[in-house]
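**Q**
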Amino acid sequence: MTIASQVRVRFAPSPTGHLHVGNARTALFNWLFARQAGGVMVLRIEDTDVERSEARFESQLLDDLKWLGLDWDEGPDLSGPYGPYRQSDRVAVYREHAERLVSAGKAYLCFCSQEELERDRDEKLARQLPPIYSGKCRALDPVEAQHRRSRGDAAAIRLRIPEHPIRFHDIVHGMVEFSNEVVSDPIILRSSGIPVYNYVVVVDDALMKITHVIRGDDHLSNTPKQVALYEALGWPVPEFAHLSTILGTDRERLSKRHGATSIANFREMGVLPEALMNYLALLGWAPSGGTREIFTPEELKKEFSLQRVTPSPAVFDMEKLYWLDRHYIRQSPPERIEKLAESFFIRARLLPDNPGDRIRAWFAKIVALLAPSVDKLDELPERAALIFDYDAAVAVNSPENAEVLAWPKSGDVLAAFAQRVESDSSAMTPERFRSSMNEVRAETGARGKELFHPVRVALTGSHSGPEFDRLIPILEEGSQLDLPRHVMSVRERLEAFRARRGF
RNA sequence: GGCGCUAUCGUCUAGGGGUUAGGACGGAAGAUUCUCAAUCUUCAAACUCGGGUUCGAUUCCCGAUAGCGCUACCA
Numbered sequence: 016m017t018i019a020s021q022v023r024v025r026f027a028p029s030p031t032g033h034l035h036v037g038n039a040r041t042a043l044f045n046w047l048f049a050r051q052a053g054g055v056m057v058l059r060i061e062d063t064d065v066e067r068s069e070a071r072f073e074s075q076l077l078d079d080l081k082w083l084g085l086d087w088d089e090g091p092d093l094s095g096p097y098g099p100y101r102q103s104d105r106v107a108v109y110r111e112h113a114e115r116l117v118s119a120g121k122a123y124l125c126f127c128s129q130e131e132l133e134r135d136r137d138e139k140l141a142r143q144l145p146p147i148y149s150g151k152c153r154a155l156d157p158v159e160a161q162h163r164r165s166r167g168d169a170a171a172i173r174l175r176i177p178e179h180p181i182r183f184h185d186i187v188h189g190m191v192e193f194s195n196e197v198v199s200d201p202i203i204l205r206s207s208g209i210p211v212y213n214y215v216v217v218v219d220d221a222l223m224k225i226t227h228v229i230r231g232d233d234h235l236s237n238t239p240k241q242v243a244l245y246e247a248l249g250w251p252v253p254e255f256a257h258l259s260t261i262l263g264t265d266r267e268r269l270s271k272r273h274g275a276t277s278i279a280n281f282r283e284m285g286v287l288p289e290a291l292m293n294y295l296a297l298l299g300w301a302p303s304g305g306t307r308e309i310f311t312p313e314e315l316k317k318e319f320s321l322q323r324v325t326p327s328p329a330v331f332d333m334e335k336l337y338w339l340d341r342h343y344i345r346q347s348p349p350e351r352i353e354k355l356a357e358s359f360f361i362r363a364r365l366l367p368d369n370p371g372d373r374i375r376a377w378f379a380k381i382v383a384l385l386a387p388s389v390d391k392l393d394e395l396p397e398r399a400a401l402i403f404d405y406d407a408a409v410a411v412n413s414p415e416n417a418e419v420l421a422w423p424k425s426g427d428v429l430a431a432f433a434q435r436v437e438s439d440s441s442a443m444t445p446e447r448f449r450s451s452m453n454e455v456r457a458e459t460g461a462r463g464k465e466l467f468h469p470v471r472v473a474l475t476g477s478h479s480g481p482e483f484d485r486l487i488p489i490l491e492e493g494s495q496l497d498l499p500r501h502v503m504s505v506r507e508r509l510e511a512f513r514a515r516r517g518f
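Our numbering numbers the first residue of the first sequence as 16 and each following residue consecutively.
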């Protein structure tokens, strides 16, 4: 049994919605394995389920994959030597090989009705036996069966499962063996002429010369049927690698109700693709030594190894993803983060649709100030509330602020500070702010928190926040800009605050 | 029900017949800064259970238990 020496892998999603993290991880491991081996990555669309498949989902899927940073060498959008790459375009191929199996006696026509099968199945279940097909049509005379079919009797095609245990090798699980006693003769072609998943997958993988089938372990139990199919068709059996399931925090298979689980969700949240890729790679794989965790896509291509993939299921941990995302946000060139962040601010109507250079330069300071402390970029507009949403009522009344303002020296500090602000009508600068604060300290005797907190509360509406040196220029410049929402200057804030509460 | 897969800190994992069972996220404490964040330091936290095999098992074998999957003319 020889297999082409060049590695060929495939990712074969069904176009039934957005790409899910579980599938994305499967795609990633395929891609990493292929790229490392200098092999070929095939993208195949499994759209035999006409009920659930939609054309628009296919382009979504490709977009999701591309956003993550994956690419492929053959696929429905690229073609290639073993196309077509959409199962709905391959129906004739499936029929042809199914008939070939019947002619060779490896498969047979089955005339059992749905009701009959169901009854048989229920009966076996009731007697606590494996609910496998009775084999009733196995013994039918082939010539006779063909006659019946040509007379118009509905016939499905079933594969004959061999009378011996089925063994196969799996890179992550080792040797796996199934007794043929528990494997039913599977239908490969429905009486309607539509082929069944477990069959088309084998035909496609074999015809597309796939050498390594890397997929979710929900397919592990289907593999014996597929191995039997390869053998019946006279095709080499590929290597398998069944990847563990990704679970939610409740240890149940990750699904929509666990919140963000599609790649599109993460993109919308402003998670960086390389952070997601890095995180996904860590779900079930660790480098030798097990201490390194930060890997760029290029590094993953070098370090990844299927042999080091764990067989046990993994719980998806949002916090750890965020940790990686924070890391990559800080590592990224500022211009990239600014560009990405911009859309979130435009959507929040904090920036105009087409910000000019002046606004962009100003916005860059906001991003530089806030982005390093954010889990994901969609948190930025909210973090920027201290710039865009100054509310004197909150500054005065919120319980934490009220407490700060009730400190003995708070009133004096604010009065002294206001005096400094009013004495000079030009824009506040960090230098002037610092010297003013020094004067306030000297005048009032307040120091540390009792000096800074009241000012912080009056200016930002919160007793905590970023450094004044960086915040003040943003406030002052922002107040000069033509923005959808006016940004209040230091002076304006102080006045609004004083109007609410004297000092 | 049957079959299969899986089992190390809360989570992701490294390790492997004799180890102080390592790292990371998260948590706690401290240092630092006006505060928050960041940073640094420190701490707590694990081999599912029961039998074997062995001088010695967390590691190998068997079983139990639990979780997940498959058991369709679904994919």
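Glycine is no exception: its CB is placed at the ideal position from the N, C-alpha and C atoms.
Under three-state DSSP, which class holds Trp-174?
**A** Note that residue 174 is Leu in the sequence shown here, rather than Trp. Of the three classes helix, strand and coil, the one that applies to Leu-174 here is strand, per DSSP.
**Q** Terminal residues of the continuous beta strand (DSSP E) containing Tyr-123?
**A** 122–125
**Q** So the candidates are Arg-282, Val-330, Tyr-343; which of them puts its Cα closest to the Cα of His-33?
**A** Arg-282
**Q** Where Leu-77 and Ser-207 are concerned, what is the direct C-alpha to C-alpha distance, given to the nearest angstrom?
**A** Rounded to the nearest angstrom, the gap between the Cα atoms of Leu-77 and Ser-207 is 31 Å.
**Q** To which residues of the same chain is Thr-475 closer than 6 Å at the C-beta, ignoring the five residues directly before and after it?
**A** Leu-401
**Q** Report, in whole angstroms, the separation of the C-beta atoms of Trp-338 and Glu-492, which I expect to be a contact under 8 Å.
**A** Rounded to the nearest angstrom, the Cβ distance from Trp-338 to Glu-492 is 33 Å, too far for a contact under 8 Å.
**Q** Assuming the contact rule is C-beta atoms closer than 8 Å, Pro-201 and Ala-113 should be a hit. Round their C-beta distance to whole Å, please.
**A** Not quite, the Cβ-Cβ distance comes to about 12 Å (not below 8 Å), so this is no contact.
**Q** Report the rounded CA-to-CA distance for Arg-1 versus Arg-166, giving the unit in angstroms.
**A** The chain is shown from 16 up to 518; residue 1 falls before or after that span and cannot be answered.
**Q** Classify Glu-357 as buried or exposed, calling it buried when 16 or more other Cβ atoms lie within 10 Å of its own Cβ.
**A** buried
**Q** Exposed or buried, Lys-317, counting other C-beta atoms within 10 Å across all chains shown (16 or more means buried)?
**A** Taking a 10 Å sphere around the C-beta of Lys-317, we find fewer than 16 other C-beta atoms and assign the residue as exposed.
**Q** Can you list, in chain order, the residues of its chain with a C-beta nearer than 7 Å to that of Ala-301? Leave out the 5 residues immediately preceding and following it.
**A** Arg-323
**Q** Alpha carbons only, please: which of Ala-407, Ala-408, Tyr-245, Val-470 is nearest the one belonging to Arg-435?
**A** Val-470
**Q** Going along the chain, which unbroken runs of the alpha helix (DSSP H) with 4 or more residues stay wholly within the stretch 173–224?
**A** 212–222
**Q** Comparing C-alpha positions only, which one of Arg-67, Pro-499, Val-419, Arg-485 sits nearest to Met-382?
**A** One point to set straight first is that residue 382 is Val, not Met, in the sequence displayed. Its Cα nearest to that of Val-382, the residue Arg-485 stands out among Arg-67, Pro-499, Val-419, Arg-485.
**Q** Measuring straight from C-alpha to C-alpha, what distance separates Asn-45 and Asp-497?
**A** Computed Cα separation, rounded: 50 Å.
**Q** So is Ala-116 buried or exposed if we call it buried at 16+ other beta carbons inside 10 Å?
**A** Checking the sequence shown, residue 116 turns out to be Leu, not Ala. Its Cβ being crowded by 16 or more others within 10 Å, Leu-116 is buried.
**Q** Please classify Trp-300: does DSSP put it in a helix, a strand, or coil?
**A** strand
**Q** Please classify Phe-331: does DSSP put it in a helix, a strand, or coil?
**A** coil
**Q** On the DSSP letters alone, give me the boundaries of the beta strand (DSSP E) that Phe-360 sits inside.
**A** Looking at the DSSP string, Phe-360 is not in any beta strand (DSSP E); the run it does join, the alpha helix (DSSP H), is 349–362.
**Q** Just the Cα atoms here: how many angstroms apart are Leu-140 and His-188?
**A** If you take the alpha carbons of Leu-140 and His-188, they lie about 29 Å apart.
**Q** Look at Asp-62 and Ala-279 and say whether their C-beta atoms are less than 7 Å apart.
**A** Against a cut-off of 7 Å, the Cβ pair of Ala-279 and Asp-62 comes out as no contact.
**Q** Going along the chain, which residues of its own chain have a beta-carbon closer than 8 Å to the beta-carbon of Tyr-97, five neighbours each way excluded?
**A** Val-57, Glu-89, Leu-222, Met-223, Lys-224
**Q** For Glu-133, which residues of its own chain have a beta-carbon under 6 Å away from its beta-carbon, when the five flanking residues on both sides are left out?
**A** none
**Q** Output needed for Ala-431: all residues of its chain with C-beta closer than 6 Å, excluding positions within five of it in sequence on either side, in chain order.
**A** Val-455, Glu-458, Thr-459
**Q** Compute the Euclidean distance between the alpha carbons of Tyr-212 and Ile-261, then round it to the nearest angstrom.
**A** 23 Å
**Q** What are the start and end residues of the beta strand (DSSP E) that includes Val-57?
**A** 55–58
**Q** Please state if the CB of Tyr-100 and the CB of Arg-59 are separated by a distance shorter than 7 Å.
**A** yes
**Q** I need the straight-line Cα distance from Arg-398 to Lys-335, nearest angstrom please.
**A** 21 Å
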